[in-house]
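Here is the structure we will look at.
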Ligand code: SF4
Ligand code: SF4
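Residue numbers (the numbering used here): 1 to 668.
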């Protein structure tokens, strides 16, 4: 209930000044946002206006529901307090602005049940926001999680939000104490108002007016500061999540190599080669550092820390804004500053293993691998600048279809004497796509032989391409050689389509990802299974029986391209559990939090001469489970982890592929 004095009490002196402040405050925000929007319009196109229903749902779960924030439950909880509190209080803030512009105006419906409910929730949320901020202060100032980036800006924003809450509670308390407002639905403000008992009406009026002015001055400052700070996500987060990549995470964007002319820019060289969505990513990063928490390059002291990469490119984009857009009313000029090597050291770009931990961790769906691979594309295709160790691998892939430059006709030598059917022999159900390690590497060959043993035992109809198989192209594509990748992909697809292939099985997660997610862009549409998926089905359906005990204790390492990228965690675990006698342990970093072995993104073929070694760090995590041995489901993980065992003096320890363990357990 408002008292008779309410109108005069609420009238804020200095209305002209408030109009001036508002024109500057709101005008500044509109100007800053329109410049940032204009900048997006000069980015490259990105197809993100499809699947609107799916996008809306994704936004509700991940942005409104803040799903990923709860990966760190404590941070998730306090961010929820701040996020929802901020939303609820915004309505009151808008009403304060209107009160200032039109003296005596009040929010409608405040005398209704809706109004009372709103006042009550606002009062409670303001306290929750303050509690959330106190937790944030503790996090930053006391706990100091290593992933966090300490900056003055972060403290400033905590202070500004705190000031908004305190001044609102203070203004409500002054109104209540002056009898200008009923405190029945504002328990916290009413409790504060009790402290002002005995204050004169004019003292309360001064207090109210001061709180009101400070609140709105802080608001305008905050709103204007956002587009220039890491807290720009307050404006952009919902949009960035709405326009997130909804395709399979492991799929890289394809370049149209048929439509090129002398003006075609390959990959990303300058900031204007970024798509508008990639620019929006840069606007949205909050520098929370979750992306670097388990980034293998960050953990092994290499120069790539995903959040810092975003900051470098964002700073460059912002620094070029005036030149690119021109002064208001003028025409801008093109960007000339090459990102690599001027802004970003090439070592940063070549360090990435494309493990996608960063993307899995980012609560705002900021992407990294597409940008990094597109920067590699520019270096490889336009400038022919890449680590020299990549050259022999590129040559091997191009001439022989394998990275070791071994003769293509020896590709099926591993199958000698095993009576393995070739696709050219006639009908089959599954094409076993062996991959280069499965064909040429000593251990890979053993896994291929074990797999054939299982398929034969189960009576599966299968065939291989033999010498007609080429590498899938996963590594060359991730090393930036899009030309060579498309050449290899087209040739494989031509071969497989000619044999009428519909189902493919492979033991290599890189082949699996590329054939399943990337070949469809080039006319290769198949049902693709990983070896562990098919074998798990064979066990479940009773086509094979695992009867022989395998007395081993193994820690299972999830390969990035099977697990995090393609969501297959259960089949290898099912098989490990099904093998009699075998015990398996889970490392702390397992499933979608698994840490990369260091081989992905073509890193298998590059030297690792900066920082410590990724494979050794991963092996130490697996070793901490107490298991003597390691089980993997990827030939590259096998190679990295067995090397790590040898490099760290654990020669007695073994790394097994899950397929080998299954074959050992088959009835003999
Ligand atoms: S993909 Fe992996 S290695 Fe590359 S930046 Fe992300 S977390 Fe780091
Ligand atoms: S990219 Fe995402 S996870 Fe990394 S700092 Fe920015 S918001 Fe946080």
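Where a beta carbon is used, it is the ideal one built from N, C-alpha and C, also for glycine.
In this text the structure is predicted, and so the values were computed from the model without any measurement.
Residue 288 versus residue 579: straight-line alpha-carbon distance, rounded
The straight-line gap from Cα to Cα measures roughly 42 Å.
Closer than 6 Å by C-beta to residue 28: which residues in its own chain qualify, once you throw out the five before and the five after it? Chain order, please.
Here the set comprises 224.
If I follow the unbroken alpha helix (DSSP H) through residue 530, where does it start and stop?
First-last for residue 530: 527-530, but that is the beta strand (DSSP E), not the alpha helix (DSSP H).
Which term fits residue 31, buried or exposed, when burial requires 16 or more other beta carbons within 10 angstroms of its beta carbon?
Using a 10 angstroms sphere on the CB of residue 31, the tally of other CB atoms stays under 16, which defines it as exposed.
For the pair the stretch 150-165 and the stretch 219-238, tell me if three or more CB-CB distances fall below 8 Å.
Yes, the stretch 150-165 is in contact with the stretch 219-238.
Could you tell me which residues DSSP puts in a beta bridge with residue 583?
553, per the DSSP bridge assignment.
My guess is that residue 463 and residue 425 are in contact by the Cβ rule of under 8 Å, so how many angstroms apart are they, rounded?
At roughly 7 Å, the Cβ-Cβ gap stays under 8 Å, so residue 463 and residue 425 are in contact.
Within this structure, are the beta carbons of residue 531 and residue 496 separated by less than 8 Å?
Using a Cβ distance threshold of 8 Å, residue 531 and residue 496 do not count as a contacting pair.
Closer than 7 Å: is that where the CB of residue 596 sits relative to any heavy atom of ligand 1?
Yes; taking the cut-off as 7 Å, the Cβ of residue 596 has a heavy atom of ligand 1 nearer than that.
With distance defined between alpha-carbon atoms, name the residue in 162, 312, 191 and 564 nearest to residue 211.
Here the closest residue by C-alpha is 162.
Segment contact, 8 Å Cβ cut-off, at least three pairs: the stretch 431-440 with the stretch 406-421:
Three or more pairs of CB atoms, one per stretch, sit closer than 8 Å, so the stretch 431-440 contacts the stretch 406-421.
Cβ-heavy atom distance between residue 369 and ligand 1 below 7 Å?
Distance from the C-beta of residue 369 to the nearest heavy atom of ligand 1 is below 7 Å.
Quick test of your reading: residue 292 and residue 147, contact by CB under 8 Å. State the CB separation rounded to the nearest angstrom.
A Cβ-Cβ distance of about 6 Å is found for the pair residue 292 and residue 147, placing them in contact under the 8 Å criterion.
Residue 468 at chain D interface by Cβ criterion, 8 Å:
Given the protein chain composition of this structure (a single chain), no chain D is represented.
To which residues does DSSP link residue 629 through a beta bridge?
Within the DSSP secondary-structure output, residue 629 pairs in a beta bridge with 554.
Cβ of residue 353 versus every heavy atom of ligand 1: is any distance shorter than 7 Å?
True, at least one ligand heavy atom lies under 7 Å from that Cβ.
Can you have a look at residue 41 and say buried or exposed, based on whether 16 or more other CB atoms are within 10 angstroms of its CB?
Counting of Cβ neighbours within 10 angstroms places residue 41 among the exposed residues, the total staying below 16.
Rounded to a whole number of angstroms, what is the C-alpha to C-alpha distance between residue 514 and residue 395?
Going by C-alpha positions, residue 514 is about 20 Å away from residue 395.
Candidates 591, 605 and 175, of which the one nearest residue 386 by Cα:
Taking only the C-alpha atoms, the option nearest residue 386 is 605.
Tell me, to the nearest whole angstrom, how far the beta carbon of residue 85 is from that of residue 119; I am working on the premise that it is less than 8 Å.
Going by Cβ atoms, the distance from residue 85 to residue 119 rounds to 14 Å, so no, they are not a contact pair.
Residue 294 and residue 595 look like a contact to me (Cβ under 8 Å); what is the Cβ gap, rounded to whole Å?
Contact check for residue 294 and residue 595: beta-carbon distance about 5 Å, within the 8 Å limit, so the pair qualifies.
Nearest neighbour of residue 46, chosen from 314, 105, 87 and 371 [CA to CA]
Looking at the Cα atoms, 371 is the closest of the given residues.
I'd like the list of long-range same chain contacts for residue 457, defined as Cβ closer than 7 Å, with 5 residues on each side in sequence excluded.
These residues qualify, in order along the chain: 544 and 666.
Per the DSSP calculation, residue 504 is bridged to which residue(s)?
According to DSSP, which records beta bridges pairwise, residue 504 is partnered with 431 and 528.
Count Cβ pairs between the stretch 162-173 and the stretch 301-308 that sit closer than 8 Å; are there 3 or more?
Verdict: no, contact absent.
With a Cβ-Cβ cutoff of 8 Å, do residue 68 and residue 296 count as a contact?
The answer is no: Cβ separation not under 8 Å.
Any heavy atom of ligand 2 within a distance shorter than 7 Å of the CB on residue 289?
Yes, the beta carbon of residue 289 sits closer than 7 Å to at least one heavy atom of ligand 2.
For residue 463, list the residues DSSP reports as bridge partners.
The partner list for residue 463 (beta bridge, DSSP) reads 431.
Limits of the beta strand (DSSP E) - the one that residue 656 falls within
Note, residue 656: beta strand (DSSP E), 655-657.
For the stretch 397-456, which segments carrying the alpha helix (DSSP H) assignment without a break, of at least 4 residues, lie completely within its bounds, in sequence order?
The qualifying runs are 436-440.
For residue 568 versus residue 533, is the C-beta distance shorter than 8 Å?
With respect to the 8 Å criterion, residue 568 and residue 533 are classified as neighbours on the basis of their beta carbons.
Proximity to residue 306 [Cα-Cα], best of 350, 244 and 51:
It is 350 whose Cα lies nearest to the Cα of residue 306.
Of all the options 402, 398 and 345, which has the alpha carbon lying nearest to the alpha carbon of residue 379?
Among 402, 398 and 345, the Cα nearest to that of residue 379 is on 345.
Rounded straight-line distance, which links the Cα of residue 501 to that of residue 519
Note on geometry: alpha-carbon atoms of residue 519 and residue 501 lie some 13 Å from one another.
Whether or not the stretch 252-267 and the stretch 53-61 are in contact is what I'm after, with contact meaning three or more pairs of Cβ atoms, one per stretch, closer than 8 Å; do they touch?
The stretch 53-61 makes no contact with the stretch 252-267, as fewer than three CB pairs between them are under 8 Å.
From the DSSP output, which residues share a beta bridge with residue 33?
Beta bridge pairing from DSSP links residue 33 with no other residue.
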